[in-house]
Structure formats: structure tokens, C-alpha cells
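First the structure, in the form of C-alpha cells, and then the observations on it.
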Amino acid sequence: MARMSSATRSEKSSQDPTQSAAPGRLAGKRAIVTGAASGIGRASALRFAQEGARVLIVDREESALTQVQKDIEAAGGCAVAIPGDAGSEDDVRSWVKRCKEEWGGLEIAFANAGVSGGYVPLGDQTTELWQEILRINLLGPFLLIKHAAKLIRKSGGGSIIATSSVAGLRARAGSSPYSASKAGLISLVQTAANELSGANVRVNAVCPGLIETGMTAPLFTYARSQGRDDRLGSLTPAQRAGTADDIAHVVVFLASDESGYINGQAIAVDGGLTSTHPFRPMNQYRSQSSAE
Ligand SMILES: NC(=O)c1ccc[n+]([C@@H]2O[C@H](COP(=O)([O-])OP(=O)(O)OC[C@H]3O[C@@H](n4cnc5c(N)ncnc54)[C@H](O)[C@@H]3O)[C@@H](O)[C@H]2O)c1
Numbered sequence: 008m009a010r011m012s013s014a015t016r017s018e019k020s021s022q023d024p025t026q027s028a029a030p031g032r033l034a035g036k037r038a039i040v041t042g043a044a045s046g047i048g049r050a051s052a053l054r055f056a057q058e059g060a061r062v063l064i065v066d067r068e069e070s071a072l073t074q075v076q077k078d079i080e081a082a083g084g085c086a087v088a089i090p091g092d093a094g095s096e097d098d099v100r101s102w103v104k105r106c107k108e109e110w111g112g113l114e115i116a117f118a119n120a121g122v123s124g125g126y127v128p129l130g131d132q133t134t135e136l137w138q139e140i141l142r143i144n145l146l147g148p149f150l151l152i153k154h155a156a157k158l159i160r161k162s163g164g165g166s167i168i169a170t171s172s173v174a175g176l177r178a179r180a181g182s183s184p185y186s187a188s189k190a191g192l193i194s195l196v197q198t199a200a201n202e203l204s205g206a207n208v209r210v211n212a213v214c215p216g217l218i219e220t221g222m223t224a225p226l227f228t229y230a231r232s233q234g235r236d237d238r239l240g241s242l243t244p245a246q247r248a249g250t251a252d253d254i255a256h257v258v259v260f261l262a263s264d265e266s267g268y269i270n271g272q273a274i275a276v277d278g279g280l281t282s283t284h285p286f287r288p289m290n291q292y293r294s295q296s297s298a299e
């Protein structure tokens with residue numbers, strides 16, 4: 008294959024995560040990404056590999072996961088794909104063990120797998136629904152922090168990132184079990200960062216706003232079918248919904264040494280949604296200000 012010039016390569020790679028660039032901001036690092044078959048996990052795994060990390064990608068959707076592995080390898084990156092359940096301690100333990108056996112250590116763990124549980128009215132929510140959402144969205148990240156932190160510490164230190172949500176910060180961005188799981192996750196990263204004090208293992212969360220992924224696909228499809236694309240993300244100062252790559256860029260930063268003094272934080276990546284009160288400007292004011 009003909010080699011690209013470095014200018015061409017970096018120009019392409021900043022736009023397209025399937026194009027590799029080396030050495031990158033995560034060169035030499037080893038990472039685990041859960042929920043890597045789709046959306047934010049997929050975009051982050053591609054970016055991790057593009058930035059030079061070796062990535063162990065896991066998801067319960069095996070065929071989509073295999074495709075992500077192929078995409079990473081086609082771009083010159085290194086990925087191992089393992090199907091499994093992010094809420095199972097046996098599975099999580101085996102992924103960390105595999106990193107040790109395959110690569111000798113670990114620096115980055117991204118606890119991203121999650122489910123929304125759909126919208127079920129409060130009075131109809133069952134114990135089983137709550138337990139399953141908490142198992143995947145809260146117990147899962149705990150298990151990854153628990154097992155990954157030990158190997159990260161032995162490997163000389165690193166970074167753990169979890170995907171929380173604006174639903175963990177405010178109401179009306181998900182059902183109550185989903186929101187409670189994401190709020191609990193913010194508390195988990197705060198307490199874990201403190202419990203790991205002195206271990207050189209940072210723990211942070213990203214809190215995405217409305218992002219177009221597999222999870223939100225029905226909402227985007229519906230809005231488009233109604234010709235109401237303009238409503239998607241319209242409550243944000245950014246005036247748009249987010250992309251998986253909007254989140255992946257922040258996750259790469261949190262995984263890298265560039266964020267070495269950020270610890271125990273929950274960082275909203277939401278186009279400004281949580282900076283605002285719910286407020287719709289009057290049409291008159293809107294047309295005046297856009298005419299200025
Ligand atoms: N899309 C949004 O607007 C949004 C907003 C805030 C937070 N989030 C969070 O982002 C994270 C990623 O979701 P996404 O939006 O990319 O959705 P997605 O559905 O595209 O991806 C989630 C992935 O997680 C996997 N997964 C679910 N449960 C699993 C389990 N038990 N074991 C292994 N894999 C499992 C799914 O198979 C899927 O591939 C989730 O934690 C979600 O709660 C999403």
C-alpha cells in the first residue's frame with residue numbers, strides 16, 4: 008500500500024476515525040471499551056485505536072462488534088473483540104485478565120455500555136425493570152472500575168471513564184430508573200476517584216446530552232418522518248443534537264495524559280443543554296435578533 012504523506016494523513020485522520028494516524032495521543036496504551044458495537048462506544052473505540060491504543064472491545068451484539076473490529080483493523084489499528092455482558096462480574100473479570108495475558112497491562116477503561124429501558128410510566132415500573140437497568144448501567148461500571156483499577160495501578164496508572172448522562176444531572180432526559188442509574192454513576196466516579204487516591208488511577212464521567220446513536224435512533228427517525236428535524240437539539244444553545252464523535256473526542260481527552268489533573272468529575276457534553284433553564288424565546292424576539 009502506498010504511504011500517505013504526513014500532511015495528508017493527519018488531515019484525513021482528523022475527519023475520519025477509520026483512518027489511522029500514528030503515533031497518537033494514546034500511543035502505547037491499552038484500553039477496554041464496553042458497549043463498543045454501536046454509537047458512543049464504537050466511535051470511542053475507533054478514536055482510541057486511531058490515537059495509537061490497543062483496544063479490547065466488548066459488547067453483547069457479536070456481529071456488530073466483529074464489524075467494529077474489522078473497521079479498526081482496516082484502518083491499521085489493533086483490536087480484540089469479545090462478546091459478553093457488561094453487567095456480569097465473570098465477564099468483566101475475564102476481559103481484564105485477557106488484557107493482562109494479551110498485552111501485559113492496561114491503562115484505560117471506558118465503562119460505556121448502557122440501556123435506556125424505554126419509557127415506562129412510574130406506576131408501571133417493575134422491580135425487574137429497575138434491577139436490569141441498575142445492573143447494566145451502574146453495577147456494570149462498578150465491576151469494570153473494580154477489576155480494571157487493579158491492573159491499571161499495576162501497569163503504572165491510567166484513566167477510567169464512564170458514560171453517565173445529562174439524565175444523571177437533571178430530570179426529563181430519561182425514565183426514573185435510567186436517571187437514577189446515571190446519577191448513581193456520577194456518585195460512583197466521585198467515590199471511586201477518592202478511594203483510588205494515590206493509586207494514579209483517575210476516574211471521570213462524561214454526561215452526554217441528546218446524541219444520535221442506536222439508543223436514540225427511534226426518536227431521530229420519528230422526528231425526521233414528521234419533518235421535525237429542527238426540533239432535535241433545539242433546546243440547546245448549540246441548536247443541534249450531538250454526534251457519537253462529539254462524545255468520543257472528550258473521552259479520548261479524558262483517557263489521555265492531557266487530562267492528568269481532571270479527576271472525580273462529571274463533564275456535560277451536551278451543547279450547553281444543562282447550562283440553561285427550559286425556556287423558549289418569544290418568536291418576536293427571535294426574529295428581531297436574527298435580523299440584527
Ligand atoms: N445517545 C444518547 O443520547 C445518550 C445520552 C446520554 C447517555 N448515553 C449513554 O451512552 C452510552 C452508550 O449508548 P449509545 O447512545 O451509544 O447507545 P447504543 O445503543 O448505540 O450503544 C450501546 C451499546 O451498549 C451495548 N450494551 C448494552 N447493554 C450491554 C451489556 N449488558 N453488555 C454489553 N454490551 C451492552 C449495546 O449492545 C450497544 O451496542 C450508554 O451508557 C447510554 O446510556 C447516551
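Numbered per the numbering used here, the sequence shown spans residues 8 to 299.
Virtual Cβ for every residue (Gly too), placed ideally from N, Cα, C.
request  = Taking V210 as the reference, give the member of R179, F149, T243 and P244 with the closest Cα.
outcome  = Counted from its first residue, the sequence shown places residue 210 at position 203. Closest option to V210, Cα to Cα, is F149.
query = For N207, does the three-state DSSP call read helix, strand or coil?
reply = To locate residue 207, count along the sequence shown from 1; it is residue 200. The answer is coil: DSSP assigns N207 none of H, G, I, E or B.
Start and end residues, beta strand (DSSP E) containing R37 = As a position in the sequence shown, residue 37 is number 30, starting the count at 1. Note, R37: beta strand (DSSP E), R37 to T41.
ask   = In three-state terms, what does DSSP make of S21?
value = Here residue 21 is taken as the residue at index 14 of the sequence shown, counted from 1. Because the pLDDT of S21 is 43, which lies under 50, any placement of that residue in the model is unreliable, and the number read from its coordinates should be weighed accordingly. Note: S21 maps to helix in three-state DSSP.
ask   = What separation, rounded to the nearest whole angstrom, lies between the Cα atoms of G112 and S166?
value = Residue 112 sits at position 105 when you count from the first residue of the sequence shown. Residue 166 sits at position 159 when you count from the first residue of the sequence shown. In a straight line, the C-alpha of G112 is about 13 Å away from that of S166.
inquiry  = Does the beta-carbon of P367, which I'm using as the reference point, lie nearer than 7 Å to any heavy atom of ligand 1?
reply    = Nothing can be reported for residue 367, as the shown portion of the chain is limited to 8 through 299.
Near ligand 1: T73 beta-carbon under 7 Å from a heavy atom = Start at 1 with the first residue of the sequence shown, and residue 73 comes out as number 66. T73 Cβ: outside cutoff for every heavy atom of ligand 1.
inquiry  = Which residue wins for smallest C-alpha separation from S182, given the options V257, L33 and V127?
reply    = The residue you call residue 182 lines up with position 175 of the sequence shown. The shortest Cα separation from S182 among V257, L33 and V127 belongs to V127.
key: Local conformation of G46 per DSSP, three classes   = As a position in the sequence shown, residue 46 is number 39, starting the count at 1. In the structure shown, G46 sits in a helix (DSSP, three-state: H, G or I).
key: Counted within 10 angstroms of its Cβ, other Cβ atoms place M8 as buried (16 or more) or exposed   = Along the sequence shown, one-based indexing puts residue 8 at 1. Summary for M8: the model assigns pLDDT 27, below 50, so the residue's position carries little reliability, and this model does not support an answer.
query = Any idea if P215 is buried or exposed, counting beta-carbon neighbours within 10 angstroms, 16 or more meaning buried?
reply = Start at 1 with the first residue of the sequence shown, and residue 215 comes out as number 208. Buried, because 16 or more other Cβ atoms sit within 10 Å of the Cβ of P215.
key: Segments of 3+ residues assigned as beta strand (DSSP E) that fall wholly inside the stretch 108-141   = 115-118
request  = Please go through the same chain and pick out, in chain order, the residues whose beta-carbon is closer than 6 Å to the beta-carbon of S186, but skip the five residues on each side of it.
outcome  = Stepping through the sequence shown from its first residue, residue 186 is reached at position 179. A174.
Close-in-space but distant-in-sequence residues of the same chain around L203 (CB under 7 Å, 5 per side omitted) = To locate residue 203, count along the sequence shown from 1; it is residue 196. Correct list, in chain order: A156 and V210.
request  = Could you spell out the range, first to last residue, of the beta strand (DSSP E) harbouring L63?
outcome  = Along the sequence shown, one-based indexing puts residue 63 at 56. L63 -> beta strand (DSSP E) spans R61 to D66.
key: Whole-angstrom distance between I79 and G31, CA atom to CA atom   = As a first step, residue 31 is located in the sequence shown; it is residue number 24 there, counting from the start. As a first step, residue 79 is located in the sequence shown; it is residue number 72 there, counting from the start. C-alpha separation (whole angstroms): 15 Å.
query = Does at least one heavy atom of ligand 1 sit under 7 Å from the Cβ of N211?
reply = Numbered from 1 along the sequence shown, position 204 holds the residue referred to as residue 211. No, the beta carbon of N211 sits no closer than 7 Å to any heavy atom of ligand 1.
task = Output the distance between the C-alpha atoms of D236 and G249, rounded to the nearest integer angstrom.
result = Along the sequence shown, one-based indexing puts residue 236 at 229. Along the sequence shown, one-based indexing puts residue 249 at 242. If I take the Cα positions, the gap works out to 13 Å.
request  = For A88, name the three-state secondary structure that DSSP assigns.
outcome  = Numbered from 1 along the sequence shown, position 81 holds the residue referred to as residue 88. Three-state result, A88: strand.
inquiry  = What residue range does the beta strand (DSSP E) around G165 cover?
reply    = By one-based count along the sequence shown, residue 165 stands at place 158. Start and end: G165 to T170.
task = For S70, I'd like the list of residues in its chain whose CB is within less than 6 Å of its CB, leaving aside the five on either flank, ordered along the chain.
result = Residue 70 sits at position 63 when you count from the first residue of the sequence shown. Closer than 6 Å at the Cβ level, and outside the excluded window around S70, lies no residue.
CA nearest to the CA of A275, picked from I193, Y268 and G164 = Locating residue 275 in the sequence shown gives position 268, where the first residue counts as 1. The shortest Cα separation from A275 among I193, Y268 and G164 belongs to I193.
inquiry  = By the DSSP assignment, the beta strand (DSSP E) with I274 in it spans what residues?
reply    = Taking the sequence shown and counting its residues from 1, the one referred to as residue 274 is at position 267. Segment A273 to V276, the beta strand (DSSP E) holding I274.
request  = Give me whichever residues DSSP pairs with T250 in a beta bridge.
outcome  = As a first step, residue 250 must be located in the sequence shown, where it is residue number 243. Its beta-bridge partners are E219.
ask   = Regarding G147 and ligand 1, is the C-beta to nearest heavy atom distance less than 7 Å?
value = Within the sequence shown, numbered from 1, the residue matching residue 147 stands at position 140. Correct: G147 has its Cβ closer than 7 Å to ligand 1.
request  = Pull up the CB-CB distance for V62 and A86, whole angstroms please, since I reckon it's below 8 Å.
outcome  = Position 55 of the sequence shown holds residue 62. Position 79 of the sequence shown holds residue 86. So it is a contact: roughly 5 Å between Cβ atoms.
key: Strand pairing of K214, partner residues [DSSP]   = Locating residue 214 in the sequence shown gives position 207, where the first residue counts as 1. Just to set this straight, residue 214 is Cys in the shown sequence, not Lys. A275, per the DSSP bridge assignment.
task = Just mark S188 as buried or exposed, buried being the case when its beta carbon has 16 or more other beta carbons within 10 Å.
result = Working through the sequence shown from its first residue, we reach residue 188 at position 181. Result: buried.
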